[in-house]
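Residue numbers for the sequence shown follow the numbering used here, so the first one is 189 and each next one is one higher.
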Amino acid sequence: MTYNINEKGYYGEFGGAYIPEMLYPNIEELRQNYLKITAEESFQEEFHQLLKDYVGRPSPLYLAKRLSEKYNTKIYLKREDLNHTGAHKVNNTIGQILLAQRLGKTRIIAETGAGQHGVATATVCALMGIECVVYMGEIDIARQAPNVARMKMLGAKVVPALSGSRTLKDATNEAMRDWINNPVDTHYIVGSVVGPHPYPDMVARFQAVVSEEIKKQLIEKEGTENPDYLIACVGGGSNAAGTYYHYLDNTDVNIIAVEAAGKGIDTGESAATSVLGKEGIIHGSKTLLMQTGDGQITEPYSISAGLDYPGVGPMHANLYKTGRAEFISITDDEAMTAGLELSQLEGIIPAIETSHALAVFEHKTFKPEDVIVLNLSGRGDKDLQNYIDYFKL
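Take a look at the structure:
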């Protein structure tokens, strides 16, 4: 049994490319070329050189002593917050910009929710001198102002999505519309393990540098490459896919995926797709998504702008359906408390997305000898205003 993608672009029964005919040439061009191009020695050399010298990888695997003492277990934090741009997103945008260049594309579009992927895309476009347009929901633009300013400073054009809930889902719709209208010169840098095949696999492969490093770092620190548990938050799920990638088929390693329960699973203001979702198609792939009885997409809600996606990537839908991963839903309140706790125990202010993963320790008891690796997917600079408002700091 494998939990990885098959040759048709499916994880179990999830995935595929359910796309309008207008997008077929773009997706087909990518599908036919992505594995061939990314396997080239020159591509791998340039990719790893940039990860090292520009992003600052490998990111440290840090034993959080005070946090470990509090929960009486051994907690390592994979410090993706220390990457250039402050999150894991840049691992993927560097991979995709190199791919876009090799496909001869001269214009980049992207969607963003929390703004981290938008910043990471604008960053690599500035690095390579390529035109960049980022679609972002009007509501997210308001609640993530520092990231909007960063994107503009990096030379990107930020276009507000004014339809629907004016958040991530709507920004994605706008980006897809743009791509249909500009198929020849434009590459769409998708920010998570979502969308039509080959995107979920492509993004997971670029993020797989995370689990590749975890294996090496654990050997050095624990004498084994296998932790007992891997923990990551899941919105679309790219930081989680990167954390799990090299361990997917190793069932000795337990996987925990953490979703945003918002104000509570039963409140109607939630983004806990695994609990509330049914099989359906969103943004070109078959996955689990929150929808009404007649198939209309339900508006997700989370205090975290990066977790309020109404679906999950097909890899995660399959991990949930098969029971390979344990899914835990964390409320806004639990996440905010966990974020403050990490700040005061370890001197690390996490992104609110990551705070959801950190809240697992209040929900689940681990053994003292367990080795746990939690992906600290982003730093909390972008969320300071939310923290200030919430805790009345």
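We put the CB at the ideal spot given by N, CA and C, even for glycine. Keep in mind it's a predicted model, so treat the numbers as computed, not measured.
So, at 6 Å on beta carbons, what are the nonlocal neighbours of residue i in its own chain, with the 5 sequence-adjacent residues on each side left out?
i	result
N370	none
Q405	L249
D328	G301, T355 and A493
Y508	S462 and F515
D269	L564, G566 and R567
E487	S353
L251	Y264
Y575	none
Y259	F549
S351	D358
E410	V559
Identify, in the order they occur along the chain, each residue of the same chain with its Cβ nearer than 7 Å to the Cβ of residue i, setting aside the five sequence neighbours on each side.
i	result
M390	Y222
T542	C421, L564, S565 and G566
A449	S458, A460, S517, I518 and T519
L286	F231, E234 and F235
G200	N506, K509 and T510
R512	Y191 and I443
Y387	V378
K403	E413 and H434
M316	I285 and Q289
I407	E413
Relative to the C-alpha of residue i, which candidate in the options has its C-alpha closest?
i	options	result
V381	S353, P348 and T431	T431
P246	I368, E401 and I263	E401
V561	F235, S256, Y376 and I419	I419
I536	K253, F579, Y199 and T455	K253
K555	D366, S256 and A205	S256
G274	D577, I576, Y578 and K570	K570
T455	M503, D520 and V548	D520
D145	Y198, E467, I491 and D496	Residue 145 lies beyond the range of the chain shown here (189 to 581); nothing can be said about it.
M478	A308, N214 and L464	L464
A288	Y198, T309 and G501	T309
S399	K266, K196 and D558	K266
H305	L291, M316, V346 and N194	V346
D373	Y417, V243, L546 and E319	E319
V446	N335, K196, L546 and M210	L546
T294	V321, G303 and E413	V321
L291	D437, N214, I453 and L581	N214
K552	Y212, T261 and F202	T261
G452	A428, D437, A429 and I491	I491
M339	S426, C313 and M364	C313
T226	R393, D577 and P538	R393
G527	P498, G501, L572 and N194	L572
K580	P538, M189, E209 and T525	T525
W367	A330, E326, I297 and G325	I297
E209	Q484, K409 and M364	M364
A205	P348, G501, P334 and D241	G501
K584	T439, P384, D577 and P498	It is not possible to answer for residue 584, since the shown part of the chain is limited to 189 through 581.
A337	V307, N361 and E362	V307
G203	Y578, I470 and P334	I470
M219	N361, N335, H375 and G423	Sequence check: residue 219 is Arg here, not Met. Nearest option by C-alpha distance: H375.
D496	A539, G424, E522 and T480	G424
For a cutoff of 8 Å on Cβ pairs, would you count residue i as touching chain D?
i	result
Y387	Considering every chain present, this structure includes no chain D. It has just one protein chain.
Does the beta-carbon of residue i have 16 or more other beta-carbons within 10 angstroms, so that it is buried, or is it exposed?
i	result
P415	buried
S230	exposed
F235	buried
Q395	buried
Q332	buried
A428	buried
A330	exposed
N194	exposed
N438	exposed
Y212	exposed
T311	buried
D241	exposed
E362	buried
Take residue i and list the residues in its own chain whose beta-carbon comes closer than 8 Å to its own, dropping the five residues that flank it on each side.
i	result
L187	In the structure as shown, the chain starts at 189 and stops at 581, and residue 187 therefore has no counterpart that could be examined.
Y417	V441, N442, I443, I444, F554, D558, V559, I560 and V561
N271	V243, G244, R245, S247, V278 and N279
A591	Since the first and last residues shown for the chain are 189 and 581, residue 591 lies out of range.
H276	E268, Q395, V398, S426, N427, G430, N563, S565 and G566
> Within the chosen definition, does the stretch 425 to 441 reach the stretch 516 to 536 through at least 3 CB pairs nearer than 8 Å?
Replying inline: no
> Hey, which unbroken runs of the beta strand (DSSP E) at 3 residues or more fall wholly within the stretch 217 to 296?
Replying inline: 249 to 251 and 262 to 267
> Where are the beta strand (DSSP E) runs, 3 residues long or more, that stay fully inside the stretch 419 to 490, in chain order?
Replying inline: 442 to 450, 466 to 470 and 473 to 477
>> Count Cβ pairs between the stretch 493 to 506 and the stretch 467 to 475 that sit closer than 8 Å; are there 3 or more?
In response: yes
> Which runs of the alpha helix (DSSP H) spanning at least 4 residues fall entirely within the stretch 349 to 391, listed in chain order?
Replying inline: 356 to 369
> Mind pulling the beta strand (DSSP E) runs of 3 or more residues that sit fully within the stretch 297 to 346?
Replying inline: 319 to 325
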